[in-house]
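Protein chains: 2
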Amino acid sequence: MKQLSFAVIGAGNGGQAIAGHLALKGYKVNLYNRTYQKLLPIIEKGGIELEGEVEGFGKLNVITDDMEKAIKDVDIILVVVPASAHYKIAEDMLLYLKDGQIIVLNPGRTGGALEFHNVIRKREDLDVVIAETDTFIYACRSSMGKSKIYKIKEVVSVAAIPKDKTQMVVEALNTAFPQFIPAQNVLETSLNNFGAVFHPTPTLLNAARIETTKGNFEYYREGISPSVAKILEKIDNERMMVAKALGVNTISAKRWLKESYNAEGENLYEAIQNTKAYVGLLAPQTLDCRYIFEDVPMSLVPMSSIGKEIGIKTPTIDAVIHLASVMHGKDYWKIGRTAEKLGIQGMTAEEIIELVEGKRKEVTIA
Amino acid sequence: MKQLSFAVIGAGNGGQAIAGHLALKGYKVNLYNRTYQKLLPIIEKGGIELEGEVEGFGKLNVITDDMEKAIKDVDIILVVVPASAHYKIAEDMLLYLKDGQIIVLNPGRTGGALEFHNVIRKREDLDVVIAETDTFIYACRSSMGKSKIYKIKEVVSVAAIPKDKTQMVVEALNTAFPQFIPAQNVLETSLNNFGAVFHPTPTLLNAARIETTKGNFEYYREGISPSVAKILEKIDNERMMVAKALGVNTISAKRWLKESYNAEGENLYEAIQNTKAYVGLLAPQTLDCRYIFEDVPMSLVPMSSIGKEIGIKTPTIDAVIHLASVMHGKDYWKIGRTAEKLGIQGMTAEEIIELVEGKRKEVTIA
Numbered sequence: 496m497k498q499l500s501f502a503v504i505g506a507g508n509g510g511q512a513i514a515g516h517l518a519l520k521g522y523k524v525n526l527y528n529r530t531y532q533k534l535l536p537i538i539e540k541g542g543i544e545l546e547g548e549v550e551g552f553g554k555l556n557v558i559t560d561d562m563e564k565a566i567k568d569v570d571i572i573l574v575v576v577p578a579s580a581h582y583k584i585a586e587d588m589l590l591y592l593k594d595g596q597i598i599v600l601n602p603g604r605t606g607g608a609l610e611f612h613n614v615i616r617k618r619e620d621l622d623v624v625i626a627e628t629d630t631f632i633y634a635c636r637s638s639m640g641k642s643k644i645y646k647i648k649e650v651v652s653v654a655a656i657p658k659d660k661t662q663m664v665v666e667a668l669n670t671a672f673p674q675f676i677p678a679q680n681v682l683e684t685s686l687n688n689f690g691a692v693f694h695p696t697p698t699l700l701n702a703a704r705i706e707t708t709k710g711n712f713e714y715y716r717e718g719i720s721p722s723v724a725k726i727l728e729k730i731d732n733e734r735m736m737v738a739k740a741l742g743v744n745t746i747s748a749k750r751w752l753k754e755s756y757n758a759e760g761e762n763l764y765e766a767i768q769n770t771k772a773y774v775g776l777l778a779p780q781t782l783d784c785r786y787i788f789e790d791v792p793m794s795l796v797p798m799s800s801i802g803k804e805i806g807i808k809t810p811t812i813d814a815v816i817h818l819a820s821v822m823h824g825k826d827y828w829k830i831g832r833t834a835e836k837l838g839i840q841g842m843t844a845e846e847i848i849e850l851v852e853g854k855r856k857e858v859t860i861a
Numbered sequence: 496m497k498q499l500s501f502a503v504i505g506a507g508n509g510g511q512a513i514a515g516h517l518a519l520k521g522y523k524v525n526l527y528n529r530t531y532q533k534l535l536p537i538i539e540k541g542g543i544e545l546e547g548e549v550e551g552f553g554k555l556n557v558i559t560d561d562m563e564k565a566i567k568d569v570d571i572i573l574v575v576v577p578a579s580a581h582y583k584i585a586e587d588m589l590l591y592l593k594d595g596q597i598i599v600l601n602p603g604r605t606g607g608a609l610e611f612h613n614v615i616r617k618r619e620d621l622d623v624v625i626a627e628t629d630t631f632i633y634a635c636r637s638s639m640g641k642s643k644i645y646k647i648k649e650v651v652s653v654a655a656i657p658k659d660k661t662q663m664v665v666e667a668l669n670t671a672f673p674q675f676i677p678a679q680n681v682l683e684t685s686l687n688n689f690g691a692v693f694h695p696t697p698t699l700l701n702a703a704r705i706e707t708t709k710g711n712f713e714y715y716r717e718g719i720s721p722s723v724a725k726i727l728e729k730i731d732n733e734r735m736m737v738a739k740a741l742g743v744n745t746i747s748a749k750r751w752l753k754e755s756y757n758a759e760g761e762n763l764y765e766a767i768q769n770t771k772a773y774v775g776l777l778a779p780q781t782l783d784c785r786y787i788f789e790d791v792p793m794s795l796v797p798m799s800s801i802g803k804e805i806g807i808k809t810p811t812i813d814a815v816i817h818l819a820s821v822m823h824g825k826d827y828w829k830i831g832r833t834a835e836k837l838g839i840q841g842m843t844a845e846e847i848i849e850l851v852e853g854k855r856k857e858v859t860i861a
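Quick mapping for you: the protein sequence lines, in order, are chains V and L.
Sequential numbering of the first sequence, starting at 496, is according to the numbering used here.
Sequential numbering of the second sequence, starting at 496, is according to the numbering used here.
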């Protein structure tokens with residue numbers, strides 16, 4: 496197999512880290528960012544300095560704010576931007592994509608690959624594969640061409656549309672990262688989204704505390720009390736009901752804490768309190784944070800909207816979306832990934848499954 | 496006019512204070528409480544010791560847990576219990592009521608008089624008047640036969656069903672308390688319920704903070720930040736929309752702070768921060784508090800339910816009711832004052848107005 500080449504879209508925390516790491520491993524890597532300003536210190540260095548679990552310098556091939564240059568002739572395009580930017584990124588790269596390219600959203604949040612697919616299929620003849628991961632591969636912090644990788648996760652699930660391309664995507668990614676494993680389909684990577692459970696609701700239910708203390712309290716250990724955890728359990732349950740109706744094998748947030756952090760507990764509250772990785776993590780400093788402006792429209796809205804299409808009610812998720820919308824003075828239902836934007840409006844659960852499995856060829860172009 | 500006699504139903508904070516005060520003024524007062532235990536120290540003293548704005552000893556006529564004895568032959572029955580007890584109290588006194596008696600709910604919260612009326616009208620031939628106030632007359636604390644009245648409010652609105660009895664009720668109450676003034680009708684006293692705006696939502700949005708600090712923060716000044724106040728403004732707006740559709744003159748919570756406390760501000764957040772009376776007031780020590788278990792079912796649920804009947808949507812109120820229900824593991828929609836319990840199910844705004852004005856005589860018995 497020839498050495499694969501990569502484009503990394505987005506030079507934030509994650510983008511700088513993965514671009515640097517791939518380059519350090521010897522891959523040809525292009526780094527794209529919409530804002531040129533942010534690229535200047537990286538251009539000056541010619542790449543990314545890495546520290547933490549990985550140390551060294553990753554020399555980049557191209558560093559650019561020109562999408563065409565960034566993705567031209569690369570094999571794999573890693574999209575590492577907030578989910579709220581996926582739609583625009585898809586539109587920006589649409590004209591320059593070439594047959595055979597693989598696009599991986601890192602991560603997709605809920606419905607990322609579906610939304611991307613719904614844009615990309617406007618070029619009917621184009622033969623690319625769109626995939627998404629369920630989480631980002633590192634815990635890291637980056638700025639100005641320096642990246643610290645605190646932890647490389649052991650396992651990251653990935654799935655493609657159509658489903659039968661997942662194995663090929665995993666194999667391609669595995670040449671660089673053994674951590675990627677196949678998920679059942681993009682509904683699994685989309686619905687095993689625990690950020691949807693852990694991010695918007697505790698932020699909303701600690702709104703005044705965040706604003707009056709500038710987030711100076713432990714987000715998980717103080718911000719999630721027994722009563723807040725009860726609400727999270729209900730949200731998690733609604734998420735699992737949607738997943739179940741789509742035939743997705745999902746686990747509860749409580750079990751996920753057990754599997755990820757070996758945290759035990761009679762209920763979600765106890766499991767959170769027993770999660771050592773959460774000790775000391777502070778709340779966001781302001782309510783203008785991704786826990787709301789990304790996770791509400793890109794995680795909760797698609798869960799609710801998919802649920803609505805297939806007849807699963809999500810009243811607790813809906814209440815959080817509504818209150819977050821009022822709080823921010825924005826209609827997150829409009830901004831967010833609705834069934835229409837995912838290209839699944841009017842579909843039954845069976846039809847949605849057929850779509851992600853590539854068995855539904857007659858879809859009309861939006 | 497003969498000297499009026501009173502029964503005070505409920506020997507809590509408010510019941511002890513008003514019973515003692517009326518007795519001190521020389522009225523014949525019976526005090527009822529469902530739990531006999533609570534009456535023992537009062538029985539021992541023979542009445543209530545008052546301090547604060549009023550000082551002295553109010554000797555009571557009857558102190559009892561027997562409803563029949565409590566209300567027998569009295570002119571005015573003052574119901575001073577949490578709104579969640581109104582329905583049961585109405586049932587308990589139904590058999591013993593006599594023509595000509597006046598019942599006043601202090602206060603009614605939202606729909607108190609309508610709910611009471613819906614129980615009492617089971618005795619079709621009975622000619623009593625049911626009224627409600629918009630707030631309790633004192634700020635006070637009482638226990639064990641001692642009551643401290645911090646402040647007697649300057650104005651308390653009262654309205655009766657039917658509306659044309661309001662003047663008679665006000666005149667009767669004015670013989671003891673000049674503070675009572677007539678409201679337009681019981682829809683006004685029910686919808687000018689600012690507790691519905693100030694109580695459940697900040698409590699919910701500070702849930703973890705209340706549970707982890709035992710309420711050790713300033714409820715209004717720290718618990719209502721700019722973003723929380725934005726949500727309160729939306730709730731207040733929904734309340735006013737329902738009121739407007741029912742022809743009720745209502746004022747905003749912001750204007751109410753101005754009129755009650757002379758607190759100015761560009762928006763509700765600023766007005767709250769500028770309300771001197773709120774300085775130092777701490778949050779509830781636990782989430783098992785009346786701000787949730789009374790105000791959600793007895794204030795927010797009836798506002799939403801009345802809105803639903805007359806075609807006014809209250810999505811923000813509904814979201815708070817839902818999350819409070821999940822948090823407490825109780826269905827506050829079922830516990831609360833729905834249109835059905837208020838006896839207004841299926842009615843238009845015009846028909847509801849006719850009901851409270853006494854122009855709707857054909858109502859069927861629930």
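Cβ coordinates follow ideal geometry from the N, Cα and C atoms, glycine included.
Quantities reported herein were computed from a predicted structural model and do not represent experimental measurements.
Cut-off 7 Å between Cβ atoms - residues of its own chain near residue 833(L), not counting five sequence neighbours on either side: 796, 800
Contacts that residue 706(V) makes with chain L (C-beta to C-beta distance below 7 Å): 720, 721, 722
Helix, strand or coil at residue 677(L) [DSSP, three-state]: strand
Neighbour flag for residue 822(V) against chain L, beta carbons, 7 Å: yes
is_contact[residue 810(L), chain V] using C-beta, thresh 7 Å: yes
CB of residue 822(V) within 7 Å of CB of residue 725(L), strictly: yes
Entirely enclosed alpha helix (DSSP H) segments - the stretch 715-739 of chain V, minimum 4 residues: none
Beta carbon of residue 605(V) nearer than 7 Å to that of residue 798(V): yes
The stretch 640-651 of chain V in contact with the stretch 618-626 of chain V per 3-pair CB rule at 8 Å: no
Under the three-state DSSP convention, the category residue 851(L) falls into: helix
Closest residue to residue 785(L) among 552(L), 510(L), 819(L), 763(L) (Cα-Cα distance): 819(L)
Burial state of residue 567(L) (16 or more Cβ within 10 Å): exposed
Spatial distance of residue 848(L) from residue 754(L) (CA atoms): 27 Å
Distance between residue 705(V) and residue 602(V) (C-alpha atoms, nearest Å): 26 Å
7 Å Cβ cutoff, residue 612(L) in contact with chain V: no
Nearest candidate by alpha-carbon position, reference residue 549(L), set 655(L), 732(L), 746(L), 516(L): 516(L)
Option nearest residue 732(L) by Cα separation, candidates 759(L), 711(L), 691(L): 691(L)
Where residue 744(V) sits in the DSSP three-state scheme: coil
Terminal residues of the alpha helix (DSSP H) in which residue 692(L) lies: 690-693
Cβ of residue 725(L) within 7 Å of any chain V Cβ: yes
Presumed contact (8 Å Cβ cut-off) between residue 570(L) and residue 499(L), rounded CB distance: 4 Å
Which listed residue (831(V), 767(V), 756(V), 824(V)) has its alpha carbon closest to that of residue 791(V): 831(V)
Reduced DSSP secondary structure (H/G/I, E/B, other) of residue 831(L): coil
8 Å contact criterion, which residue 686(L) and residue 734(L) should meet: CB distance rounded: 6 Å
For residue 800(L), the first and last residue of its enclosing alpha helix (DSSP H): 796-805
Where residue 714(L) falls, given that 16 or more other Cβ within 10 Å makes a residue buried: buried
Chain-ordered neighbours of residue 643(V) on chain L, where CB pairs are closer than 8 Å: The contacting residues do not exist; residue 643(V) stays about 30 Å from chain L at best.
Residues in the stretch 758-770 of chain V having any Cβ partner in chain L nearer than 7 Å: none
Close Cβ partners of residue 536(L) (< 6 Å) along its chain, the five nearest in sequence each way excluded: 639, 640
Buried versus exposed call for residue 673(L) [16 or more other C-beta atoms within 10 Å across all chains shown]: exposed
C-beta atoms of residue 585(V) and residue 615(V) nearer than 7 Å: yes
Any chain V beta carbon closer than 7 Å to residue 846(L): no
Neighbour-count burial assignment, residue 659(V), 16 or more Cβ in a 10 Å radius: exposed
Same chain only: Cβ atoms within 6 Å of residue 578(L), ignoring 5 sequence neighbours per side: 604, 607, 789, 793
Simplified DSSP state of residue 546(L), which is helix, strand or coil: strand
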